[in-house]
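J.: To start, I am sharing the structure in question, which I have written as structure tokens.
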Amino acid sequence: MARGPITRRDTFPGPPTAEPAPNPSLAVPLIDLPPQTALQDAIHERHQNARDRILQVFAASEIEALQKQAFRMAGCGSYVDFEIDSDNQTVRRLTHACKSRFCPFCQRRRSQRLATKIERLIRLMKHPRTIVLTVKSMDLDLKAQYRQLAKWFRKLRIHPDVRPHIINGVYTREATVNTRTGLFHPHLHIIYDGDYLAQKRLRYIWHSITKGSDIVWIQDVHDPIKMARELATYVIKPADSDSWLDSTLQQFAAAVHGMQMLHTFGKKFPPEPVAEKPDELKRQKLPTFSLTQLAWQASRDVAPAAAMLVAIAARWPDLGRYIYHQFPQLHPDPETPRGPTSETHRHVNGRGPPRGPPAAVPDRQKLEVEILRQAKALTAAKVAKELQKCAPKQAPKTGRLFPVYREAS
Ligand SMILES: [Zn+2]
Numbered sequence: 056m057a058r059g060p061i062t063r064r065d066t067f068p069g070p071p072t073a074e075p076a077p078n079p080s081l082a083v084p085l086i087d088l089p090p091q092t093a094l095q096d097a098i099h100e101r102h103q104n105a106r107d108r109i110l111q112v113f114a115a116s117e118i119e120a121l122q123k124q125a126f127r128m129a130g131c132g133s134y135v136d137f138e139i140d141s142d143n144q145t146v147r148r149l150t151h152a153c154k155s156r157f158c159p160f161c162q163r164r165r166s167q168r169l170a171t172k173i174e175r176l177i178r179l180m181k182h183p184r185t186i187v188l189t190v191k192s193m194d195l196d197l198k199a200q201y202r203q204l205a206k207w208f209r210k211l212r213i214h215p216d217v218r219p220h221i222i223n224g225v226y227t228r229e230a231t232v233n234t235r236t237g238l239f240h241p242h243l244h245i246i247y248d249g250d251y252l253a254q255k256r257l258r259y260i261w262h263s264i265t266k267g268s269d270i271v272w273i274q275d276v277h278d279p280i281k282m283a284r285e286l287a288t289y290v291i292k293p294a295d296s297d298s299w300l301d302s303t304l305q306q307f308a309a310a311v312h313g314m315q316m317l318h319t320f321g322k323k324f325p326p327e328p329v330a331e332k333p334d335e336l337k338r339q340k341l342p343t344f345s346l347t348q349l350a351w352q353a354s355r356d357v358a359p360a361a362a363m364l365v366a367i368a369a370r371w372p373d374l375g376r377y378i379y380h381q382f383p384q385l386h387p388d389p390e391t392p393r394g395p396t397s398e399t400h401r402h403v404n405g406r407g408p409p410r411g412p413p414a415a416v417p418d419r420q421k422l423e424v425e426i427l428r429q430a431k432a433l434t435a436a437k438v439a440k441e442l443q444k445c446a447p448k449q450a451p452k453t454g455r456l457f458p459v460y461r462e463a464s
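Counting the sequence shown from 1 gives a position; this note's numbering is that position plus 55.
Written out as structure tokens, the structure reads:
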């Protein structure tokens with residue numbers, strides 16, 4: 056059976072909405088992926104082309120781990136739940152996430168988490184300094200190159216001229232591709248705590264260890280937040296990966312599959328403090344509402360469900376696109392055609408959105424309170440319905456709670 060590109064169950068009306076793919080995939084998938092739903096399209100709207108490309112490239116790989124990853128990514132954003140916290144008057148959105156390193160939707164959260172981790176470690180250092188160690192391109196599997204690079208770095212750390220100057224540190228692995236040769240160019244980004252190492256001396260030692268590589272940069276870290284963010288971004292997504300060939304992307308993904316991104320060395324860092332939660336909160340399970348369930352209830356004219364959807368659409372605009380597509384009658388101004396968002400408009404016609412008054416920023420807290428209010432009404436309506444079900448079908452004529460049975464005379 057010939058397999059085509061990613062299929063969709065439904066598409067949004069209007070012009071194409073996603074950013075044009077810089078390097079569309081030509082690979083033919085070897086496995087069938089589940090079709091994408093309208094909810095997924097709304098959630099992944101901003102990076103739909105980039106996501107489609109990764110899905111297609113991974114589905115076309117002969118490596119089972121990448122095929123599995125494509126399958127998992129194809130399910131990303133397939134359902135959304137809302138956790139209602141009445142005590143704190145907040146609503147938490149829980150989107151089903153695939154957590155893949157290559158998923159553009161999950162990358163952001165992963166990168167933020169990694170940046171926070173790196174920043175914490177930098178702040179524990181007295182004199183943070185950064186070194187970038189590179190090696191000459193080798194005609195080797197990328198995984199083997201990373202392994203070799205780590206081995207050489209270990210040798211550098213224990214060198215008698217280097218060891219006394221380094222207390223501890225962290226390092227990440229990065230890679231770029233030489234467009235001329237198509238070979239990977241891996242490098243290590245290191246942040247260490249200790250004395251300054253003379254660049255000339257360091258270069259000489261690195262050259263003697265690697266037998267020929269001498270590109271070394273060393274400088275002080277002035278802005279830990281900026282440095283941590285930069286490092287996290289490139290570890291999660293190599294800077295030039297959008298222009299890589301499909302085969303290069305497959306090789307890279309296969310090499311970094313299951314690989315730890317952040318490593319520490321030297322004197323042990325104090326463990327990360329665990330956020331303490333009160334025991335009651337740990338035990339207490341908060342009520343949740345699923346978006347699919349709310350949509351089903353709204354389609355059956357359950358008023359609080361519909362009102363809750365309207366508040367959700369205002370609070371989370373990406374979900375709004377899905378909600379108003381499913382229920383155009385709920386839109387505050389149903390006559391106005393819903394065009395692309397300002398973000399997409401720029402991609403479609405190459406210019407910014409039309410000038411006009413700035414869009415009002417929704418008051419998140421107010422909207423969450425409204426969602427909570429409707430959730431309460433919905434729960435009350437559900438309880439009332441359940442009670443109705445339990446009640447006797449025919450009310451006793453006598454006005455008693457239970458019918459009176461008389462023995463036949
Ligand atoms: Zn994902």
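Even glycine gets a Cβ: it sits at the ideal position worked out from N, Cα and C.
It should be emphasised that the depicted structure is a prediction, and the values quoted were computed from it without experimental measurement.
Would you grab the beta carbon distance between glycine 249 and histidine 182 for me? Rounded to a whole angstrom, and I think it's under 8 Å.
T.: 7 Å
J.: Taking all protein chains shown into account, do 16 or more other C-beta atoms lie within 10 angstroms of the C-beta of leucine 442, making it buried, or fewer, making it exposed?
T.: exposed
J.: Quick one: what does DSSP say cysteine 445 is sitting in, helix, strand or coil?
T.: helix
J.: For a test of your reading of the model: does the CB of cysteine 161 fall under 8 Å from any non-hydrogen atom of ligand 1? Yes or no.
T.: yes
J.: Are the region 271-285 and the region 148-160 in contact at 8 Å, needing three or more beta carbon pairs?
T.: Short answer: they don't touch.
J.: Rounded to whole angstroms, what is the Cα-Cα separation between arginine 108 and histidine 102?
T.: Across the structure, arginine 108 and histidine 102 are spaced so that their CA atoms are roughly 10 Å apart.
J.: Helix, strand or coil for threonine 145, going by three-state DSSP, please let me know.
T.: strand
J.: Could you tell me the boundaries of the alpha helix (DSSP H) in which valine 365 lies?
T.: Counting along the chain, valine 365 sits inside the alpha helix (DSSP H) bounded by residues 358-370.
J.: Taking the alpha-carbon positions, what's the glutamine 122 to glycine 132 distance?
T.: 18 Å
J.: Considering only their Cβ atoms, is the gap separating alanine 368 from alanine 360 smaller than 9 Å?
T.: no
J.: Under 8 Å from any heavy atom of ligand 1, does the C-beta of serine 133 make it?
T.: No; taking the cut-off as 8 Å, the Cβ of serine 133 has no heavy atom of ligand 1 nearer than that.
J.: Could you tell me if arginine 410 is buried or exposed, where buried requires 16 or more neighbouring beta carbons within 10 angstroms of its beta carbon?
T.: Any answer about arginine 410 is weak, because its pLDDT of 48 lies below 50 and its placement is not dependable; what the coordinates show is given next. Exposed, by the Cβ-count rule.
J.: Identify whether aspartate 140 lies in helix, strand or coil by the three-state DSSP scheme.
T.: strand
J.: Tell me the rounded alpha-carbon separation between phenylalanine 137 and alanine 353.
T.: 16 Å
J.: Compute the Euclidean distance between the alpha carbons of alanine 170 and glutamine 348, then round it to the nearest angstrom.
T.: 36 Å
J.: Inspect the beta-carbon positions of histidine 318 and threonine 227 and report whether they are closer than 9 Å.
T.: yes
J.: In the DSSP assignment, find the alpha helix (DSSP H) that holds glutamate 327 and state where it starts and stops.
T.: That residue, glutamate 327, is in no alpha helix (DSSP H); it is neither H nor E in DSSP.
J.: With H, G and I counted as helix, E and B as strand and the rest as coil, what does DSSP make of threonine 249?
T.: Reading off the sequence shown, one finds glycine at residue 249, where the question assumed threonine. The answer is strand: DSSP assigns glycine 249 an E or B state.
J.: Taking a contact to mean a Cβ-Cβ separation below 9 Å, would you say isoleucine 246 touches arginine 184 in this structure?
T.: yes
J.: Within 10 angstroms of its Cβ, does arginine 355 collect 16 or more other Cβ (buried), or is it exposed?
T.: exposed
J.: Roughly how many whole angstroms lie between the Cα atoms of glycine 394 and valine 276?
T.: Residue placement at glycine 394 cannot be trusted, given a pLDDT of 42 that sits under 50; what the coordinates show is reported in the next sentence. Distance between the alpha carbons of glycine 394 and valine 276: 45 Å.
J.: To test your reading of the DSSP string, which unbroken beta strand (DSSP E) runs of 3 or more residues are found completely within the region 265-303?
T.: List check, beta strand (DSSP E) in window: 271-275.
J.: Return the CA-CA distance between alanine 230 and threonine 343, expressed in angstroms with no decimal places.
T.: 42 Å
J.: Helix, strand or coil: how does DSSP classify alanine 152 here?
T.: coil
J.: If you drop the 5 nearest sequence neighbours on each side, which residues of the same chain put their C-beta closer than 8 Å to that of lysine 431?
T.: Ser141
J.: Let me check understanding here. Comparing Cα to Cα, which of Leu243, Arg165, Ile264 and Thr236 lies closest to histidine 214?
T.: Ile264
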